[in-house]
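**Q** Take a look at this one; I'll ask things after.
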Amino acid sequence: MNRILSSAHLLSRRAPVLLTDHIPLLHSLRTSIPFSSLPSSVGRVGTSTQFPDEYPGQIYAFNWCLNGDGVTPTKKSAFRIAKPLDLQVAGLKKPKSNPLVVTTSSQNSIPEAGSESLPFESFDSTSLRVKEYLSLSDHLYCPEGDVPKTRIGCRVISNSAALAPNLLAYLERAPRKEPPVSLPVTVYVYEGDVDNEFSGYAIEVVELDEGDGDIERTVGSVVVSAKNPDIATVVRGIELCAEGIKADEDERAAGGEESE
333 MNRILSSAHL
343 LSRRAPVLLT
353 DHIPLLHSLR
363 TSIPFSSLPS
373 SVGRVGTSTQ
383 FPDEYPGQIY
393 AFNWCLNGDG
403 VTPTKKSAFR
413 IAKPLDLQVA
423 GLKKPKSNPL
433 VVTTSSQNSI
443 PEAGSESLPF
453 ESFDSTSLRV
463 KEYLSLSDHL
473 YCPEGDVPKT
483 RIGCRVISNS
493 AALAPNLLAY
503 LERAPRKEPP
513 VSLPVTVYVY
523 EGDVDNEFSG
533 YAIEVVELDE
543 GDGDIERTVG
553 SVVVSAKNPD
563 IATVVRGIEL
573 CAEGIKADED
583 ERAAGGEESE
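Pasting the structure below:
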């Protein structure tokens, strides 16, 4: 069951969901560099800025992107992982297999938000709690790439040092976008002691203002919280999100052809 969102926030066909799932944004420091000492004959174009406190795991542009995804890296240790070398920078081990094929089955069932077994309210409240757990984690590992056999981008936000390398090996490598942007599928995986383990996914329609008016796009999110998250469950959620996104894209394309 899809929800209609506006400006990439949770505004659904039902009563609007509170936007409290976005933790206060991390404020970055921008220090202008004065050039008053330069001769008047020297000119330049644009404004020069400096980010003196950046280091691996603390990149302002990526932190802002994570804020847009609802997670604030309060411990200043969030690693964007798009290629194997990024694993080394994050202090992680390389996966034993690359690419990694993950086989899923009915045992890896994961409910969809809006279904009888997972009301929207339960998914939203748990999603908020998991984002808070991730925001307070000592380190965040964020593999990203395309869902296999598609061109649908996916980013995983997790505190699991064990799971991140394998998820990078599962995702297909995709061009690295700068500055980083939110991707069609966002996966939140929290590893730790929780009162109740949880897994679920949601397919939602967002309206984006791209200059010529609002354009509908379908996005998906997967939420998994467990002491030992199962990669097959995470992958099954990713697959279901990709299937939902593709189905909506095909439906829009068919509707556009009929209107011509």
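Just so you know, we're using my numbering here: the sequence shown kicks off at 333 and counts up by one.
Every residue, glycine too, gets a C-beta built ideally from N, C-alpha and C.
1. Roughly how many angstroms lie between the CA atoms of V551 and Y520, to the nearest whole one?
2. Just curious, the beta strand (DSSP E) that Y502 is in, first and last residue?
3. Between which two residues does the beta strand (DSSP E) holding T550 run?
4. Under the rule that 16 or more other beta-carbon atoms within 10 Å means buried, what is A585, buried or exposed?
5. Short check: CB of V433 to CB of I563, under 8 Å?
6. If we count Cβ pairs, one from each stretch, closer than 8 Å, do we get three or more for the segment 410-417 versus the segment 500-514?
7. Within 10 Å of its beta-carbon, does F367 have 16 or more other beta-carbons around it, so buried, or fewer, so exposed?
8. P475 lies in the beta strand (DSSP E); which residues open and close that run?
9. My guess is that I391 and Y533 are in contact by the Cβ rule of under 8 Å, so how many angstroms apart are they, rounded?
10. If you run the structure through DSSP and keep just helix, strand and coil, what is G402?
11. Give me the Cα-Cα distance between D582 and W396, rounded to the nearest whole angstrom.
12. Buried or exposed: which applies to V374, given that a residue is buried once 16 or more other Cβ atoms fall within 10 Å of its Cβ?
13. How would you label E510, buried or exposed, when you count the other beta carbons within 10 angstroms and need 16 or more for buried?
14. Are there any heavy atoms of the ligand SAM lying less than 7 Å away from the beta-carbon of N491, as far as the coordinates show?
15. Do you know how far the Cα of I570 is from the Cα of L500?
16. Buried or exposed, going by whether 16 or more other CB atoms sit within 10 Å of the CB of S438?
17. Using CA coordinates, which residue listed in I489, P451 and K426 is at the minimum distance from S409?
18. Assuming Y465 contacts G524 (C-beta within less than 8 Å), just tell me the rounded distance between them.
19. Secondary structure at D527, three-state DSSP: helix, strand or coil?
20. Going by beta carbon distance, what residues of the same chain come within less than 6 Å of S469, once the five residues before and after it are set aside?
21. Rank C573, A558 and D385 by C-alpha distance to the C-alpha of P480 and give the top, closest one.
**A** The relevant details are as follows:
1. The count along the sequence shown starts at 1 and reaches residue 551 at position 219. The count along the sequence shown starts at 1 and reaches residue 520 at position 188. Using only the alpha carbons, I get a separation of about 14 Å.
2. Start at 1 with the first residue of the sequence shown, and residue 502 comes out as number 170. Premise fails: Y502 lies in the alpha helix (DSSP H), L495 to Y502, not in any beta strand (DSSP E).
3. In the sequence shown, residue 550 corresponds to position 218, counting from 1. If you look at T550, you'll find it in the beta strand (DSSP E) that goes D546 to A558.
4. Position 253 of the sequence shown holds residue 585. It is exposed - the Cβ of A585 has fewer than 16 other Cβ atoms within 10 Å.
5. For the purposes of this step, residue 433 is taken as residue 101 along the sequence shown, with counting starting at 1. For the purposes of this step, residue 563 is taken as residue 231 along the sequence shown, with counting starting at 1. In this structure, V433 keeps its C-beta atom at 8 Å or more from the C-beta atom of I563.
6. Short answer: they touch.
7. The residue you call residue 367 lines up with position 35 of the sequence shown. Note that F367 has pLDDT 40, beneath the 50 cutoff, so the model's placement of it is unreliable and the number below is only indicative. That one is exposed.
8. In the sequence shown, residue 475 corresponds to position 143, counting from 1. That run of the beta strand (DSSP E) goes L472 to D478.
9. Start at 1 with the first residue of the sequence shown, and residue 391 comes out as number 59. Start at 1 with the first residue of the sequence shown, and residue 533 comes out as number 201. Taking the Cβ atoms as the reference, I391 lies roughly 28 Å from Y533, outside the contact range of under 8 Å.
10. The residue you call residue 402 lines up with position 70 of the sequence shown. The answer is coil: DSSP assigns G402 none of H, G, I, E or B.
11. Position 250 of the sequence shown, counted from the start, is the residue given in the question as residue 582. Position 64 of the sequence shown, counted from the start, is the residue given in the question as residue 396. Going by the C-alpha atoms only, they are around 32 Å apart.
12. Within the sequence shown, residue 374 is the residue found at index 42, counting from 1. With a pLDDT of only 43 at V374, under the threshold of 50, the placement of this residue in the model should not be trusted; the figure read from the coordinates follows. V374 comes out exposed.
13. Taking the sequence shown and counting its residues from 1, the one referred to as residue 510 is at position 178. Exposed is the call here.
14. As for the ligand SAM, it is missing from this structure, which has no ligand bound.
15. For the purposes of this step, residue 500 is taken as residue 168 along the sequence shown, with counting starting at 1. For the purposes of this step, residue 570 is taken as residue 238 along the sequence shown, with counting starting at 1. Those two C-alpha atoms are separated by around 13 Å.
16. Start at 1 with the first residue of the sequence shown, and residue 438 comes out as number 106. Exposed is the call here.
17. Sequence index remark: in the sequence shown, residue 409 carries index 77 (1-based). Checked all of I489, P451 and K426; the closest Cα to S409 is I489.
18. Position 133 of the sequence shown, counted from the first residue, corresponds to residue 465. Position 192 of the sequence shown, counted from the first residue, corresponds to residue 524. 7 Å between Cβ atoms; contact.
19. Reading the sequence shown from its first residue, position 195 is the one you call residue 527. Residue state for D527 is assigned as coil, using DSSP reduced to three classes.
20. Your numbering for residue 469 matches position 137 in the sequence shown. These residues qualify, in order along the chain: N491.
21. Here residue 480 refers to the residue found at position 148 of the sequence shown. It is C573 whose Cα lies nearest to the Cα of P480.
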